[in-house]
Structures are given as structure tokens and as C-alpha cells.
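Engineer:
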Amino acid sequence: MSTRRTATILGAAIMVAALLGACSDGGTDTPPDGTTTASQTPSEGTEPSTTDAGTTDPASTESGTAAGCAATDDTVPPEAELGPTADLDGDGAADELWLADVDGTHMLGVQTASGAVFSTEFTSAAPQAASALGQVLGDGSAIVLLDTGREVPLYAVIDCALTPTQNDQAEQYTFDRGFTGYGTGVGCIDVDGGGLSLVGYLAEVEGERATVTTTAIELSDGGAAASNGEATEQTDLDADDPAVEAASEVSCGDAEPVMEPQG
Numbered sequence: 181m182s183t184r185r186t187a188t189i190l191g192a193a194i195m196v197a198a199l200l201g202a203c204s205d206g207g208t209d210t211p212p213d214g215t216t217t218a219s220q221t222p223s224e225g226t227e228p229s230t231t232d233a234g235t236t237d238p239a240s241t242e243s244g245t246a247a248g249c250a251a252t253d254d255t256v257p258p259e260a261e262l263g264p265t266a267d268l269d270g271d272g273a274a275d276e277l278w279l280a281d282v283d284g285t286h287m288l289g290v291q292t293a294s295g296a297v298f299s300t301e302f303t304s305a306a307p308q309a310a311s312a313l314g315q316v317l318g319d320g321s322a323i324v325l326l327d328t329g330r331e332v333p334l335y336a337v338i339d340c341a342l343t344p345t346q347n348d349q350a351e352q353y354t355f356d357r358g359f360t361g362y363g364t365g366v367g368c369i370d371v372d373g374g375g376l377s378l379v380g381y382l383a384e385v386e387g388e389r390a391t392v393t394t395t396a397i398e399l400s401d402g403g404a405a406a407s408n409g410e411a412t413e414q415t416d417l418d419a420d421d422p423a424v425e426a427a428s429e430v431s432c433g434d435a436e437p438v439m440e441p442q443g
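The sequence shown finishes on residue 443 if you use the working numbering, and the numbering steps up by one all the way, no holes.
1) From this set, Pro258, Gly263 and Ala251, which residue's C-alpha is nearest Val438's C-alpha?
2) What is the residue span of the alpha helix (DSSP H) that Ala312 lies within?
3) Per DSSP, Gly367 is paired with what?
4) Throw me the rounded Cβ distance for the Ala123 and Thr303 pair, which I believe falls under 8 angstroms.
5) Since I believe Leu382 is in contact with Thr364 (beta carbons under 8 angstroms), could you give me their beta-carbon distance rounded to a whole number of angstroms?
6) Report the option in Asp269, Gln352 and Gly380 whose CA atom is closest to the CA atom of Ala411.
7) Using DSSP with H/G/I as helix, E/B as strand and the rest coil, what is Ala296?
8) According to DSSP, which residues form a beta bridge with Ala390?
9) Give me the Cα-Cα distance between Gly402 and Asp319, rounded to the nearest whole angstrom.
10) Starting from Pro264, trace the alpha helix (DSSP H) in both directions and tell me its first and last residue.
11) Report the option in Gly367, Pro258 and Thr394 whose CA atom is closest to the CA atom of Asp283.
12) Could you have a look at Ala427 and say whether DSSP puts it in helix, strand or coil?
13) Look up Phe302 in the DSSP assignment and give the residues it is bridged to.
14) How many angstroms separate the CA atom of Cys249 from the CA atom of Asp356?
15) Quick one: measure Cβ to Cβ for Val424 and Val366, integer angstroms, because I've assumed they're closer than 8 angstroms.
16) So, is Asp271 buried or exposed, given that buried needs 16 or more other C-beta atoms within 10 angstroms?
17) Between Thr252, Gly314 and Thr391, which lies nearest to Glu413 when the distance is taken from Cα to Cα?
18) What is the rounded straight-line gap between the Cα of Ala260 and the Cα of Gly289?
19) Hey, which unbroken runs of the alpha helix (DSSP H) at 4 residues or more fall wholly within the stretch 336 to 364?
20) DSSP three-state call for Pro257: helix, strand or coil?
21) For Gly433, which three-state DSSP category applies?
22) Is the distance from the Cβ of Glu440 to the Cβ of Leu279 below 7 angstroms?
23) By a C-beta neighbour count over all protein chains shown, 10 Å radius and 16 as the cutoff for buried, is Val332 buried or exposed?
24) So the beta strand (DSSP E) Ala322 belongs to, where does it begin and stop?
25) Express the C-alpha separation of Gly409 and Ser450 in angstroms, rounding to a whole number.
What follows is the structure, given as C-alpha cells:
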């Protein structure tokens, strides 16, 4: 999220985006505009290497093509856990997300309805299994949120590949999950019926009272770039207010997470 202590919560309709644990612009703790974001906090080591699988035709959109991504010879690893997700390649058919641990390498991937398979590697120092969810936002950006437990790196599906979204410091935009203190969660809100918009949250609890900061995430280039927008603060909430709970989760509309297989 961003702003010096910016963090976020959607609480009742506060909407703003990007705090690293609430969202992150990445790189430095205090960017030129004086804000602090989740991506600005040093990443846990997410150094994705994308595998381009598929091509697009001249009528392609930024997230895919009218006919979907071209089928590929790549396959989903047999040990992967798959789950349904949004139409990430723009062909009108729901796709699938998958997570796998292949010989000690963590992998996040997409399998489209048209038969394309593409993936990226990621690292995580957290003890728990990772999870991922995908969604198409109101601006048409197809995004994937990878929750490793301590942080949430942001990806966009562009030209049939998982592309790490870049922050203002040219690092992957990453939300904090309370590990660094910059944010606590990620969410999506519908602003004036214009479709879902990404936001970062920071929930701060002191005794029985809480404050939730929601930072709007502004995406550009089909999700290839993101920066922190306006931050809104909701104060004097009950510690058990639903808004506080929501600010500590990773969600986006009706998207269901896919869990990394264990064992």
C-alpha cells in the first residue's frame, strides 16, 4: 500500500489501492511522492522467470486474443493443483490457474480453455503453502495475485504469458501481508459500477480499536505497470469489525484461490 503508514481496508467502501503488504510500489521505503508501498519493501526473493507459451494475432487485446491464446505443446505438471479462474486470455471461456512444486521449484501457471499452458517460477521463505487467484478488472487487465503468506506479488496476463507487474522503481509490485508493516491485505472493489479495481489494505489494531487504510492501485499498459493512488483512512473501528478482517485477507471479487499442493 502506500503512504507512510498507509495500509488498507475496504471497510464499507473505502477504496484505494496498492500497499505492499497492503500494496507496494517497490524499491524504496519512501518514494519521491513521500508514500510507502508494499512493493517498496524488499521482496522475499520473487524472481519470476516467465515461459512464453502462445502467440497473439493482430486483433489481440493486451491480456490475450479474441480467439484465445494459441494452444501449446507445454503441459501442466502432473503434481500440480489446478482450479478454475477468470477468462484471463479474453476468449470468452474460463481458464485455470495451477500451482506446483517441481523438484523443489515453485511454479505458478495458467492453462487456458484454448489449450495454452504458460508459467513462471517463484520463491517463498514462508512455511505455509502458497495460493493464487486470478481476475479480470474493470479496466480489462487480467491479473493474478500470488499469496506466499508474507507477501503477494502481482502478475498480469499479457500476450499469453505471466508478466510481473512493475512498480515505479522498476521492481515487481508486491503487497505486504503484515510481515514488514506496510500492509496487511489485498482486495478488489467496484467503484460506481465500473467493474473491479485493485486496492491494498493496512489494518492497525490497538486494543479494541482499529484503523484501516485503503490505497487504490492504478494499473497501466494492461497491468504491466502499477503505482499507488489515493489512500483513504477509516478510523475508530471495532477491532472485530468486518472491515478489519477484510483488510487482512487476499481477495478479488468472486475469485476462488488455488492452493499449492503439499507433501
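By construction, the Cβ of each residue, glycine as well, lies at the ideal position given by its N, Cα and C atoms. All figures in this text were calculated on a predicted structure; none of them were measured in a lab.
Structural biologist: Taking the definition as stated:
1) In the sequence shown, counting from the first residue as 1, residue 438 sits at position 258. The shortest Cα separation from Val438 among Pro258, Gly263 and Ala251 belongs to Gly263.
2) Counting from one through the sequence shown, the residue named residue 312 turns up at place 132. Note, Ala312: premise wrong, no alpha helix (DSSP H); beta strand (DSSP E) at Ser311 to Val316.
3) Along the sequence shown, one-based indexing puts residue 367 at 187. Gly367 pairs with Val379.
4) As shown, the chain starts at 181 and ends at 443. That puts residue 123 outside it, with no answer to give.
5) Here residue 364 refers to the residue found at position 184 of the sequence shown. Here residue 382 refers to the residue found at position 202 of the sequence shown. Contact holds; Cβ gap of about 6 angstroms.
6) Here residue 411 refers to the residue found at position 231 when the sequence shown is read from its first residue. It is Gly380 whose Cα lies nearest to the Cα of Ala411.
7) The count along the sequence shown starts at 1 and reaches residue 296 at position 116. Note: Ala296 maps to coil in three-state DSSP.
8) As a working note, residue 390 is residue 210 in the sequence shown. For Ala390, which the question treats as bridged, DSSP gives the partners Val385 and Leu417.
9) If you number the sequence shown from 1, residue 402 lands on position 222. If you number the sequence shown from 1, residue 319 lands on position 139. Computed Cα separation, rounded: 8 angstroms.
10) Residue numbering aside, residue 264 sits at position 84 when the sequence shown is read from its first letter. Counting along the chain, Pro264 falls outside any alpha helix (DSSP H), though it belongs to the beta strand (DSSP E) covering Glu261 to Pro264.
11) On the sequence shown, residue 283 is found 103 positions in, with the first residue counted as 1. Ranking Gly367, Pro258 and Thr394 by Cα distance to Asp283 puts Pro258 first.
12) Taking the first residue of the sequence shown as position 1, residue 427 is located at position 247. Under the three-state reduction of DSSP, Ala427 is assigned to coil, being neither helix nor strand.
13) Position 122 of the sequence shown, counted from the first residue, corresponds to residue 302. Partner residues in the beta bridge of Phe302, as assigned by DSSP, are His286.
14) Numbered from its first residue, the sequence shown carries residue 249 at position 69. Numbered from its first residue, the sequence shown carries residue 356 at position 176. When rounded, the distance between both Cα atoms is 32 angstroms.
15) Sequence index remark: in the sequence shown, residue 424 carries index 244 (1-based). Sequence index remark: in the sequence shown, residue 366 carries index 186 (1-based). Not a contact, Cβ separation roughly 15 angstroms.
16) As a first step, residue 271 is located in the sequence shown; it is residue number 91 there, counting from the start. The residue is buried, with at least 16 neighbouring Cβ atoms inside 10 Å.
17) In the sequence shown, the residue the question calls residue 413 occupies position 233. The shortest C-alpha separation from Glu413 is found at Thr391.
18) Residue 260 sits at position 80 when you count from the first residue of the sequence shown. Residue 289 sits at position 109 when you count from the first residue of the sequence shown. Between Ala260 and Gly289, the C-alpha separation is close to 9 angstroms.
19) As far as the stretch 336 to 364 is concerned, it has no whole alpha helix (DSSP H) run of at least 4 residues.
20) Position 77 of the sequence shown, counted from the first residue, corresponds to residue 257. Reduced to three states, the DSSP call for Pro257 is coil.
21) Taking the first residue of the sequence shown as 1, we reach residue 433 at position 253. Three-state result, Gly433: coil.
22) Mapped onto the sequence shown, residue 440 falls at position 260. Mapped onto the sequence shown, residue 279 falls at position 99. Contact: yes.
23) Here residue 332 is taken as the residue at index 152 of the sequence shown, counted from 1. With 16 or more Cβ atoms within 10 Å of its Cβ, Val332 is classed as buried.
24) Walking along the sequence shown from the start, residue 322 turns up at place 142. Taken as a continuous stretch (DSSP letters only), the beta strand (DSSP E) holding Ala322 covers Ala322 to Asp327.
25) Residue 450 lies beyond the residue range present for the chain, which begins at 181 and ends at 443; the question has no answer from this structure.
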